[in-house]
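First to last, the sequence lines map onto chains B and E. Residue numbering for the first sequence is 401 to 492, as defined by the working numbering. Residue numbering for the second sequence is -7 to 129, as defined by the working numbering. See structure below.
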Amino acid sequence: MKITIKFFARFRERFGNEIVIEATERTTLGDLVRQVAMRDREGYDAIFDSKGAFRTYVIIMQNGRRTEHGEAEHTPVIEGDVIAIFPPVAGG
Amino acid sequence: MISIQREDVDIGRLIHHAKQRGVGALVVFDGIVRDDDILELELEAYQDIAQKELEQIAHDARERFHLLSVDIIHRIGRLSVGENILIIIVSAGHRKEAYEGSRFILESIKSKVPIWKKELCRNGDRWVPGKRPSDTG
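Okay, here's the thing in structure tokens:
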């Protein structure tokens, strides 16, 4: 199944605007982002800590809805999901 | 008008349209690019989501502060010092609601709408530190 992962701000500078990836059944959102992030060491380190956990400031959205880090580690992705990964917002 | 756009906007025209029957106070917030020794400011947004969130914030502000109209224009792209970044225009029957409604909208945007700023400087670029939705202040 195809999943789209979008990146913004400094994460976009490491991974590009978006990556479409094939995921297998029961892959969790967290594992999928981890898998993609491994393409760029510096980008990975910006998103995950040394234990592989999402850094506290990382914001995750699944289909436009914010997802807590713990939830992301247990939520399987499904066909057509759009995941967004971004740093804290700074509008205004 | 609720919009995320590259182009600037005619604030005078928005004020004119906001002066409707029942309005006793109108507050205009105009956030501009400050001269912090930068060349330009570059803004990007998760546009679909940011648009929906701005619309939700406008709706919530109208309900909570009995606002008669709300305009929010957040610009993206490269902006020079002195250019408008964010324009918020609210109208209400009385000044208290207008001031408080404007402040509510501004702080909501700063804390949760997915928009980012990068300062482009002579000696390199730097992302403006942002806020998580749970941050306060």
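For every residue, glycine included, the Cβ atom is placed at its ideal position computed from N, Cα and C. Note that the coordinates shown come from a computational prediction; the quantities given were computed from them, not determined experimentally.
7 angstroms Cβ shell around residue i - same chain, five flanking residues per side excluded
i: E/Ile24; result: Gly74, Glu75, Asn76, Ile77
i: B/Tyr444; result: Ala437, Met438
Simplified DSSP state of residue i, which is helix, strand or coil
i: E/Ser61; result: strand
i: E/Asp22; result: strand
i: E/Lys123; result: strand
i: E/Glu34; result: strand
i: B/His474; result: coil
i: B/Arg494; result: Given a span of 401 to 492 for chain B in the structure shown, any question on residue 494 of chain B remains unanswerable.
i: B/Phe411; result: helix
i: E/Gly129; result: At E/Gly129, the pLDDT of 42 sits below 50, so the modelled position is not reliable; the number obtained from the coordinates is stated separately. E/Gly129 falls in the coil class under three-state DSSP.
i: E/Ile86; result: In the sequence on display, residue 86 of chain E carries His and not Ile. It is coil, neither helix nor strand.
i: B/Ala484; result: strand
i: B/Ala490; result: coil
i: E/Glu(-1); result: coil
i: B/Lys451; result: coil
i: E/Asp117; result: strand
Status (buried if at least 16 other CB within 10 Å, exposed otherwise) for residue i
i: E/Lys88; result: exposed
i: E/His66; result: buried
i: E/Asp63; result: buried
i: E/Leu31; result: exposed
i: B/Glu425; result: exposed
Contact with chain E by residue i, beta-carbon distance below 7 angstroms
i: B/Phe408; result: yes
i: B/Gly492; result: yes
i: B/Val489; result: yes
i: B/Gly464; result: yes
Cβ of residue i within 7 angstroms of any chain C Cβ
i: E/Ile(-4); result: Included in the structure are the protein chains B and E, with no chain C among them.
Beta-carbon proximity list for residue i, same chain, < 6 angstroms, skipping 5 on both sides
i: E/Gly129; result: Low confidence applies here, because E/Gly129 scores a pLDDT of 42, under 50, leaving its location unreliable; read the following figure in that light. Contacts found: none.
i: B/His469; result: Phe454
i: E/Leu18; result: Ala10, Ser83
i: E/Glu47; result: Ile(-6)
i: E/Ile137; result: Residue 137 of chain E is absent from the model: chain E starts at -7 and stops at 129.
Interface flag, residue i vs chain B, CB-CB below 7 angstroms
i: E/Leu33; result: no
i: E/Lys88; result: no
i: E/Leu78; result: yes
i: E/Thr128; result: Note that E/Thr128 scores a pLDDT of 45, beneath 50, so its modelled location is shaky; the value from the coordinates is reported in the next line. Closer than 7 angstroms: no.
i: E/Tyr38; result: yes
i: E/Val105; result: yes
i: E/Lys11; result: no
i: E/Ile101; result: yes
i: E/Gly93; result: no
i: E/Ile41; result: yes
i: E/Gly74; result: no
i: E/Leu19; result: Inspection of the sequence shows that residue 19 of chain E is occupied by Val rather than by Leu. Taking Cβ atoms only, chain B never reaches closer than 7 angstroms to E/Val19, which makes this a no.
i: E/Val120; result: yes
Beta-carbon contacts of residue i that lie in its chain and below 8 angstroms, excluding the five residues immediately before and after
i: B/Ala472; result: Thr428, Leu429, Gly430, Val433, Phe454, Ile460, Gln462
i: B/Gly452; result: Arg434
Residues bridged to residue i (per DSSP)
i: B/Ile403; result: B/Ile421
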